[in-house]
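Engineer:
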Amino acid sequence: MVATCEDETNTETCVDSDGDGWSVDCNDCNDADPTVNPGAAEICNGADDNCNGTIDEVLMPMQMVLQSAAEIVMMQMQRLILQPQKLC
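Per our numbering, the sequence shown starts with residue 883, numbered consecutively.
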């Protein structure tokens, strides 16, 4: 299959081994897997699905939210342990 890639500097026609419309010359970082290419959506699988050099980057904001929530819970638990309240 032939892929056509376009960027700001040039247009070139390249060989596309996996049939996803992208080739190694057109920034496909895995031309043996049609689910991996610069137009692919990033999913949580330990791979760079969209060929931008970062693995699973869509999870970073959620990881930061979860880390912040965990820190708040830990601070509340420490407060309760260090300053016990009467329940009655």
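Glycine is no exception: its CB is placed at the ideal position from the N, C-alpha and C atoms.
(1) Check this for me: beta carbons of E971 and D915, under 8 angstroms apart or not?
(2) If we ignore side chains and look at the alpha-carbon of each, how far apart do C1029 and M956 end up?
(3) Are V918 and S905 closer than 8 angstroms when you measure CB to CB?
(4) What's the gap between the Cα of G935 and the Cα of G901?
(5) Looking at the structure shown, is C926 part of a helix, part of a strand, or coil, going by DSSP?
(6) If you reduce the DSSP assignment to three classes, tell me which class A951 lands in.
(7) Using the Cβ count rule (16 or more neighbours within 10 Å means buried), how would you classify A922?
(8) Spatial neighbours of Q958 within its chain, please: C-beta separation below 7 angstroms, excluding the five flanking residues on both sides.
Structural biologist: Based on what the coordinates show:
(1) Given a span of 883 to 970 for the chain in the structure shown, any question on residue 971 remains unanswerable.
(2) This structure gives no information on residue 1029, because the portion of the chain shown stretches from 883 to 970.
(3) With contacts defined as CB atoms closer than 8 angstroms, V918 and S905 fail to qualify as a contacting pair.
(4) Looking at the two C-alpha atoms, the distance is approximately 21 angstroms.
(5) Looking at C926 - three-state DSSP - the assignment turns out to be coil, as it is neither helix nor strand.
(6) Helix.
(7) Result: buried.
(8) For Q958, where only same-chain residues beyond five positions count, there are no Cβ hits under 7 angstroms.
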